[in-house]
Each structure stands twice: as structure tokens, then as C-alpha cells.
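Undergrad: In the UniProt record's numbering, the protein residues as written are 1 to 907.
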């Protein structure tokens with residue numbers, strides 16, 4: 001039913017978009033389109049009602065008919081629109097440029113008329129099919145009426161929010177934790193291997209993570225590094241991951257940034273694999289290190305990289321997690337540490353924690369609850385997922401008995417895929433609107449860290465989010481993501497991180513997604529070297545291509561088979577995959593997320609795109625960008641690889657579907673004045689705009705993008721030759737929805753030339769050289785949680801903080817400034833959690849922070865010894881006062897590493 005539901009919702013989006021399109025030159029029979037819209041909405045209501053009744057009536061045949069009819073209608077509509085746009089492109093290329101082309105002009109108009117007639121006829125045919133489907137729906141509804149009374153009355157998968165779950169729960173793992181830590185800290189100088197073995201979902205990674213982050217382990221080892229191997233390992237990625245942890249994150253895993261990652265990547269890309277290995281060896285040779293290799297499936301990856309781990313006889317350790325005991329034994333780890341299933345009592349404890357958090361289980365649910373816990377077979381992942389299901393549902397005995405009955409039937413089946421069947425229970429009881437989003441997770445490679453912002457954009461572009469009139473689709477997507485995380489089906493590592501940006505999915509759950517997605521014909525995931533191409537490749541709507549190794553190329557038969565995927569609307573590929581050849585026949589493509597380069601000729605075929613992310617080139621910029629307004633449905637445009645500013649055409653202000661524009665550097669033209677009584681187009685959907693060079697925030701610009709949430713911009717007055725007033729930055733205050741703002745300046749700006757909206761949650765300033773007394777303008781922002789001050793954003797030797805400001809600030813980062821004296825205490829930053837400083841002239845950190853109840857982390861980079869000493873004094877004073885939880889990390893300029901300060905450290 002998922003494919004049918006997704007197809008119907010997607011068609012509703014198409015119909016609403018075409019009715020609201022600003023391309024009024026596209027001929028439409030509005031009444032016909034509205035009639036089709038009513039039919040499709042009726043089918044959506046039926047699918048939702050039928051799904052919610054949990055009826056046992058079979059409608060699989062009808063489901064496929066609904067999906068096929070919806071897809072056919074989409075293809076008809078979008079083929080027509082694309083054809084009309086291609087007519088426009090042909091016209092722009094010279095059809096009407098001289099008298100000799102008059103005959104072609106009349107021919108073109110004749111073709112348009114015929115196209116419109118055929119379009120209307122095709123729509124009538126598909127509506128006829130939907131009328132037949134509607135009659136079958138009526139018959140089914142009559143049968144449902146007699147069945148509903150026998151269904152369970154509980155609300156399966158209701159929209160109520162579950163209590164948040166703790167990260168890396170360790171119920172029943174205390175003994176394991178102690179034993180592993182003893183092995184790691186034993187006084188044996190020789191390099192040793194420790195292995196954690198167990199089936200998928202048993203808790204290997206959870207145990208390893210808790211060991212890795214344990215304060216004793218953090219202090220015991222000079223450096224730690226973590227890398228996830230997976231089945232499809234890549235040697236270069238393994239080495240890069242280890243080097244990044246060793247040289248950038250070091251002892252502070254969370255202390256990394258986009259800037260650090262970018263600089264590291266640029267540096268490492270110049271080196272070969274052997275050079276990377278040698279650099280890793282040199283970084284480890286004089287230090288006591290802990291390396292974690294998570295999810296190892298074979299010894300091959302180990303055999304390739306083992307020589308880069310020196311045995312320096314200083315108690316260094318390597319810890320692996322694997323599902324395969326023979327892998328651990330072959331790697332010479334001695335007796336593998338095997339994780340067994342939880343006993344009944346520990347299973348019950350874990351289930352209770354996931355369902356009730358700190359509360360107790362009601363007496364009337366304890367008996368049936370213990371039965372459910374026992375039926376999970378002691379598998380932590382199953383307990384966590386079932387706990388998420390119970391936490392999201394009505395806590396009644398009747399519903400819990402229903403869950404227990406289904407669990408018992410799975411257990412009693414004796415199937416080898418017992419765990420997967422357990423997980424299916426949670427999947428089967430997902431609300432229908434969440435299922436397409438969940439199955440879409442199969443698109444991404446195993447063990448992939450998925451950027452949440454990218455996932456949200458893709459969900460929106462795919463069209464399977466149910467429109468809600470009072471909410472933006474991005475808000476709907478974020479609610480769906482939270483619902484799935486509350487059910488423990490998707491994980492967000494480091495939920496407490498102020499800027500958590502990634503999510504993950506467990507291997508077993510991803511396997512479930514793959515099975516269901518393929519069964520439903522919802523999407524296809526294939527590999528470049530796989531000859532196992534599904535026979536129904538021609539009807540695939542979504543295609544994701546993975547590779548096993550970085551060097552791998554297409555098998556010729558694979559490339560030929562993929563070119564037959566003529567119905568594909570989404571193509572995602574994480575590597576250079578020759579997609580220009582693949583998309584040559586995919587004129588109706590909606591989502592293109594690749595790293596390939598394209599020619600203007602390739603791109604101008606794809607005017608139906610909603611989501612476009614690729615690598616650009618200068619020729620493409622000049623020819624494609626000027627015509628991008630013909631991409632009638634474009635929502636997200638991400639262009640990588642160009643450093644020269646891209647000049648957007650004036651028609652950009654007519655593209656009302658735009659939601660995100662992300663470029664390396666882009667120039668945004670001023671909106672053109674309207675002629676006569678024409679109304680200006682408002683970019684209601686535009687929420688993300690970056691990186692704009694010389695952004696002019698005129699009153700007209702503010703009016704045209706009222707819902708902008710994220711803006712990144714930069715200025716260089718020397719090259720522009722104008723005054724600050726020209727850029728109207730005081731008008732920023734009128735962007736009432738703006739939440740994240742980054743401004744980079746190459747010259748000094750006065751506070752009178754810029755004003756910040758009160759809606760800001762995150763602010764990054766660079767190079768504006770404001771005096772510290774002007775920071776009160778920022779301190780008065782009521783919602784500000786994150787403030788980054790880079791490269792003399794403020795200048796001057798002294799900052800005297802003012803009470804009553806920065807009331808919500810949680811993360812303060814000051815990078816490169818001449819600040820020497822800072823007068824402040826915790827009352828000036830009452831909610832501060834993270835303080836990150838690179839202030840080479842700062843004498844000391846205000847000692848008043850010692851009594852700050854919220855402060856969790858102080859990071860000092862290239863600071864004076866006196867500032868470092870003050871941080872240690874703060875740590876000691878907090879210990880004397882009984883405060884816990886503060887971590888102080890110092891960057892050592894000699895070793896190039898981060899070191900965590902502990903009580904008793906010498907100066």
C-alpha cells in the first residue's frame with residue numbers, strides 16, 4: 001500500500017503545483033484538472049481510511065491499479081508541461097529570429113495545439129480508469145463497514161509524542177562494560193586486540209561507544225579514533241576516518257567543524273593511500289592509542305591497514321566489533337568477548353526504560369509487559385524498537401495484549417529471521433504517512449551518516465509528504481523525522497549536541513527498508529557491479545546506485561540495464577557515476593543528486609527537476625544558469641565545484657517553487673520593477689540562500705522572500721566601490737523568519753549599518769571589526785542560542801559583559817581576536833553550555849564561570865598559558881563546590897593535538 005499512497009500524494013502535489021504555476025502560457029483545462037484533483041483526493045482518503053481500519057480485506061490488486069493510474073496521470077501532466085517548455089527553449093534558440101523561420105513558427109503553434117488536444121484526451125482516459133477504481137472502492141467500503149466493528153479500538157501509531165529516549169542505553173551491559181575496560185587498561189605493554197562479537201542488534205556498537213566515551217578511557221589513552229568498516233569497505237575512507245579522528249578530533253570527538261573538515265579534506269586529497277597510511281603510522285608511533293573498528297565483516301580490511309598500526313609497547317589497544325566469531329579469531333584477538341541475549345529481568349528493565357523513561361510501569365500492564373519483553377528474546381534492538389512502538393501508542397492492557405499476541409506468533413514460527421520479523425511489527429504499525437519516509441532510508445548506503453537537512457529536502461522533493469495547509473512541507477518533514485526517531489526506527493547521534501546535523505539507521509532496520517521498498521516497487525537500490533538488476537527496472541520510479549569500492553566502475557550490462565529505467569524520477573548516486581549518459585532519456589526526472597558534471601545540453605532536457613545537486617563547470621554556468629527559470633518546478637538547487645561568482649538571471653524572482661539555493665558563490669540581481677498593474681511574484685517557499693556575494697537587502701528583496709530562514713552572505717567594499725548604505729543591511733531586521741545568519745566582511749562596518757532580526761537562533765560574524773561595546777546589539781537578541789565570532793568580528797582589548805543579555809545563548813565561539821581582558825560571570829550568560837576560544841591575547845577566562853551550573857565544555861585553542869591556567873582553576877573550583885560535568889580541552893601547539901584536562905594536572 002505504501003507505493004499506492006506515495007503515488008497518490010505525489011499526484012496531488014503535481015496537480016496543485018500546476019494549478020498554482022506562474023507559467024500562465026501553459027494551456028490547461030482548469031475544470032478538467034480540478035475534476036482529476038477531486039478524484040485523487042478521494043483515493044487518498046480511501047487509502048488512509050482503509051489502512052486505519054486494519055481490515056483483513058485484501059486489496060493488493062487495487063493498490064497496484066491506484067499506483068499505476070496515479071503514475072500515468074503524473075506522466076501525462078509532466079510530459080505535457082516539459083514538452084511546452086522545450087518548445088520555449090527551441091524558440092529561444094532561434095526559431096523566431098528571422099523571416100525565414102516564419103513557417104517553423106506556424107508549425108510550432110500547430111504542434112502546441114495538437115499537444116494540448118492530446119493532453120486533454122489522455123487526461124480523460126486516465127480519469128476513466130480512476131472512475132472504475134472508484135467503483136471498486138465503493139464496494140470495498142461497504143465490506144469494511146461490516147468488518148470495522150471487529151477491529152481493535154486502539155489508535156495504532158497515534159500522533160502523540162513519546163517521551164525522549166536516552167542515548168546509548170546500557171541496561172544489562174554493566175558487567176560487559178567493566179570487563180572490556182579491564183582488558184583495555186591492563187598493564188601489558190604489547191599492542192593488543194579486543195573483540196566484541198554478537199548478532200546484529202545485540203548491542204555491540206552501543207557497548208563499544210560507551211567504553212570509548214568513558215571518562216577513564218578518555219584519560220587513559222593519548223588519542224582515540226573510531227571508524228565504521230561495514231561490508232562494502234573502502235581503504236581510503238578507513239584511513240581518512242582514522243586520520244581525522246587522530247589529527248582533528250583527537251580526544252574531543254565533538255570538536256570538529258565544517259571549516260576543519262574542509263581544510264583536512266583539501267589537504268588529504270593530495271595524498272595517495274600509502275601516504276595516508278604512513279601519516280597515520282607517524283601520528284600513532286609515540287602515543288598510547290585506542291582504535292575502534294566497528295562492524296567488521298571480514299579480515300580483508302584489517303589485512304590492508306594493519307601495518308599502519310605500530311606496536312610501540314606502550315599499552316595501545318585495537319577494539320573491533322563484528323557479527324562473525326571467525327573474524328575475531330582470525331585477527332588474533334584471543335578470546336572474543338561475546339555478548340549474549342539479555343535475561344528476562346534485564347529485558348524488562350530495558351523495555352520499561354524505553355516506554356516509561358523514569359516513571360514506573362502501571363500495575364495493570366506489568367504482567368503483559370513482562371510477557372512482551374520475554375518474547376523479544378533478549379535482543380536489545382528488538383526491545384528498543386518495540387519500546388518505541390509502545391511508547392507511541394495508548395497504554396492500555398487491550399493494546400498491549402494485541403502486541404503480545406503478534407509477538408508470540410512470530411516467536412512460535414521458529415523462523416531464522418526472528419529479529420527481522422520482530423522489527424516488522426513496528427513497521428506494520430507505522431501510520432501510512434510515515435512509511436514512505438521510512439522506506440526511503442534504504443536509499444542511503446549502509447552505515448551512512450545522513451545529513452538531516454539533505455534528507456528533509458529530498459523528502460519534500462519526492463512528493464510523498466502529505467500537504468497540510470497550515471504547515472510548510474519542511475515542518476511536516478521534521479515532525480515525521482521526530483516521530484520516527486521517537487519510535488527508535490531512526491537514530492540521531494548526540495541528540496544533546498546543539499548543532500546535531502546527522503541521523504543514522506541500524507543495519508537490520510535498513511535491511512527491512514530494502515525488502516519492503518523492493519517488494520512495494522517503491523525504490524530500487526543497486527550496485528555498479530551487480531548483475532542482479534530487477535526485471536521490473538523499466539517501471540522503477542526511484543533509483544539509488546551504490547559502489548562497493550571507490551575504484552569500481554560500471555559493468556557494461558549494468559549500464560545498459562539502467563538505461564532502460566525510462567520511468568525513473570529520482571536518481572541518487574554518492575560517487576561519479578557517468579549519470580549524464582544515464583539521464584539522457586529521463587526527461588521527467590525530478591530528483592538528481594550526484595557528483596557528476598553536465599553539459600548545458602544535458603541539463604536543458606531536465607526542466608522537470610525539483611531537486612538538483614551536482615558539480616558545475618564554467619560553460620554550464622554561462623549557458624544553463626541564464627535559462628534556469630524554465631525549470632518550472634525547481635525547489636532545491638545545490639551547485640558545487642565553482643569558485644567564480646555565478647550571476648543568477650533576473651527571472652530567478654519568478655521561480656516561486658524555490659526553497660533552497662546553495663552555491664559556492666552567487667550574485668543575486670535586484671528584483672525588476674513591475675510594469676503597470678502587474679503584481680510582484682513572492683518567493684513564499686524560499687528558506688535557504690547561500691552564499692550570496694554583495695547581498696542587497698532592499699525593501700523589495702525583503703518583501704519578495706518573507707519566509708527566509710537561513711542566509712549566508714559576504715561583502716568586499718574595496719572591490720565594489722560603494723558605501724555600506726547601498727546594501728541596506730539595516731533591513732535584515734525585517735526578515736522576521738530568519739533563524740540562521742552568516743555574514744563575512746572584508747572591511748570594517750559600523751553597528752549603524754546593520755540590524756539583526758529578533759528571530760535569530762544562530763549568528764556567525766566574520767571580519768566586521770565592531771568594538772566590544774557594540775556587542776549589546778547582539779546580546780539583546782531574545783532567541784539567540786549560538787554565536788560564532790570569527791577573525792576580528794569584534795576588536796579591542798576589553799569586553800565588559802552586561803547582565804540581562806544573551807539570555808538564551810548556549811554556544812559561544814570566539815576565533816582570532818585581540819581581546820585581552822574579559823569581565824563576566826555566569827549571570828551574563830545564564831544558559832551557556834559550550835565556550836570555545838581561540839584568543840591568543842586573552843589573559844584569563846572569567847573565574848565567575850566556576851559557579852555556572854549549565855557550563856559543560858571549555859575548549860582553548862592557541863591561548864596563553866595564563867588563560868589555560870584559569871580554565872584549570874575553574875575546573876578545580878567547580879570540583880570544590882561539588883559541580884560535575886565540565887570538560888576542559890586544550891590544544892597543544894607543539895603536538896598539534898587536543899588534550900583533556902583532569903584535576904591534579906600540573907601547570
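Yeah, the Cβ is synthetic: ideal placement off N, Cα and C, and Gly gets one too.
Assess contact between the stretch 206-226 and the stretch 272-290, defined as three or more Cβ pairs (one per stretch) separated by less than 8 Å. Is contact present?
TA: Touching, yes.
Undergrad: Taking all protein chains shown into account, decide if residue 326 is buried (16 or more other Cβ within 10 angstroms of its Cβ) or exposed.
TA: So residue 326 ends up on the exposed side.
Undergrad: Helix, strand or coil, according to DSSP, for residue 319 in the structure here?
TA: Here residue 319 sits in strand by DSSP.
Undergrad: As a quick exercise: from 694, 743, 702, 731, pick the residue whose alpha carbon is nearest that of residue 719.
TA: Cα-wise, what sits closest to residue 719 is 694.
Undergrad: Under the DSSP definition of a beta bridge, which residues are partnered with residue 891?
TA: Paired residues: 898.
Undergrad: Can you give me the Cβ contacts of residue 796 inside the same chain, cut-off strictly under 6 Å, excluding the 5 residues immediately before and after it?
TA: If we look at residue 796 and ignore the five residues flanking it on each side, its Cβ neighbours are 771, 772.
Undergrad: For residue 336, count the other beta carbons within 10 Å of its own beta carbon; 16 or more makes it buried, fewer makes it exposed. Which is it?
TA: Buried is the call here.
Undergrad: Tell me whether residue 823 sits in a helix, a strand or coil according to DSSP, three-state version.
TA: If DSSP states are grouped into helix, strand and coil, residue 823 belongs with the strands.
Undergrad: Cα separation between residue 329 and residue 828?
TA: Near 57 Å, if we compare the C-alpha coordinates of residue 828 and residue 329.
Undergrad: Would you report the Cα separation of residue 612 and residue 894, rounded to the nearest angstrom?
TA: Cα to Cα, the separation comes out at about 45 Å.
Undergrad: For the candidate residues 353, 608, 573, whose alpha-carbon lies nearest to that of residue 595?
TA: It is 573 whose Cα lies nearest to the Cα of residue 595.
Undergrad: Can you have a look at residue 293 and say buried or exposed, based on whether 16 or more other CB atoms are within 10 angstroms of its CB?
TA: Its Cβ being crowded by 16 or more others within 10 Å, residue 293 is buried.
Undergrad: According to the Cβ coordinates, are residue 447 and residue 593 closer than 8 Å?
TA: Against a cut-off of 8 Å, the Cβ pair of residue 593 and residue 447 comes out as no contact.
Undergrad: Tell me the start and end of each unbroken alpha helix (DSSP H) in the stretch 590-673 that is at least 4 residues and wholly inside, in chain order.
TA: As far as the stretch 590-673 is concerned, its whole alpha helix (DSSP H) runs of at least 4 residues are 600-603, 618-624.
Undergrad: Could you check what DSSP says for residue 811 in three-state terms: helix, strand or coil?
TA: The answer is strand: DSSP assigns residue 811 an E or B state.
Undergrad: Let me see if you follow: with CB-CB separation under 8 Å, is residue 183 close to chain D or not?
TA: Of the chains in the structure shown, none is chain D; there is only one protein chain.
Undergrad: Measuring only the C-alpha atoms, how far is residue 846 from residue 802?
TA: Whole-angstrom Cα-Cα distance: 14 Å.
Undergrad: Between which two residues does the beta strand (DSSP E) holding residue 838 run?
TA: Its beta strand (DSSP E) spans residues 834-838.
Undergrad: Could you check the C-alpha separation between residue 886 and residue 179 for me, to the nearest Å?
TA: Cα-Cα distance, rounded: 27 Å.
Undergrad: On a Cα-Cα basis, can you pick out the residue from 402, 741, 390, 897 that is closest to residue 861?
TA: Cα-wise, what sits closest to residue 861 is 897.
Undergrad: On the criterion of 16 or more Cβ atoms from any shown chain inside 10 Å, does residue 737 qualify as buried, or is it exposed?
TA: Looking at its Cβ environment, which holds fewer than 16 other Cβ atoms inside 10 Å, residue 737 is exposed.
Undergrad: Is the beta carbon of residue 434 sitting closer than 8 Å to the one on residue 509?
TA: Taking 8 Å as the Cβ cut-off, residue 434 and residue 509 do not qualify as a contacting pair.
Undergrad: Suppose contacts are defined by Cβ-Cβ distances below 8 Å. Is residue 565 in contact with residue 588 by that definition?
TA: Taking 8 Å as the Cβ cut-off, residue 565 and residue 588 do not qualify as a contacting pair.
Undergrad: Since residue 339 contacts residue 183 with CB under 8 Å, what's their CB separation in whole angstroms?
TA: Actually they are not in contact, since the Cβ atoms of residue 339 and residue 183 sit about 14 Å apart, beyond 8 Å.
Undergrad: Using 8 Å as the threshold, is the C-beta distance between residue 633 and residue 658 below it?
TA: In this structure, residue 658 does not lie closer than 8 Å to residue 633 by Cβ.
Undergrad: Compare the Cα-Cα distances from residue 119 to each of 710, 136, 83 and report the closest residue.
TA: For residue 119, the nearest C-alpha among the options comes from 83.
Undergrad: Using 10 angstroms around the beta-carbon of residue 195, count the other beta-carbons present and answer buried if the total reaches 16, otherwise exposed.
TA: Label assigned to residue 195: buried.
Undergrad: Work out the CA separation of residue 2 and residue 590 for me, nearest whole Å.
TA: Whole-angstrom Cα-Cα distance: 19 Å.
Undergrad: Answer yes if the stretch 364-375 comes into contact with the stretch 464-480, meaning at least three C-beta pairs across the two stretches below 8 Å, and no otherwise.
TA: Contact fails: fewer than three Cβ-Cβ distances are below 8 Å.
Undergrad: What three-state label does DSSP hand residue 226 in the structure shown?
TA: Residue 226 falls in the strand class under three-state DSSP.
Undergrad: Does DSSP classify residue 1 as helix, strand or coil?
TA: In this structure, residue 1 counts as coil in the three-state DSSP scheme.
Undergrad: Quick check on the burial criterion: 16 or more other C-beta atoms within 10 angstroms. Buried or exposed for residue 117?
TA: It counts as exposed.
Undergrad: For residue 11, which option in 31, 43, 23 has the closest C-alpha, if you only look at C-alpha atoms?
TA: Measuring from the Cα of residue 11, the nearest candidate turns out to be 43.
Undergrad: Could you give the DSSP three-state label for residue 17: helix, strand or coil?
TA: Here residue 17 sits in helix by DSSP.
Undergrad: Give the range of the alpha helix (DSSP H) segment to which residue 513 is assigned.
TA: It spans 507-519 - the alpha helix (DSSP H) in which residue 513 sits, taken as one unbroken run.
Undergrad: What span of residues does the alpha helix (DSSP H) with residue 210 cover, start to end?
TA: Unbroken alpha helix (DSSP H) run through residue 210: 204-212.
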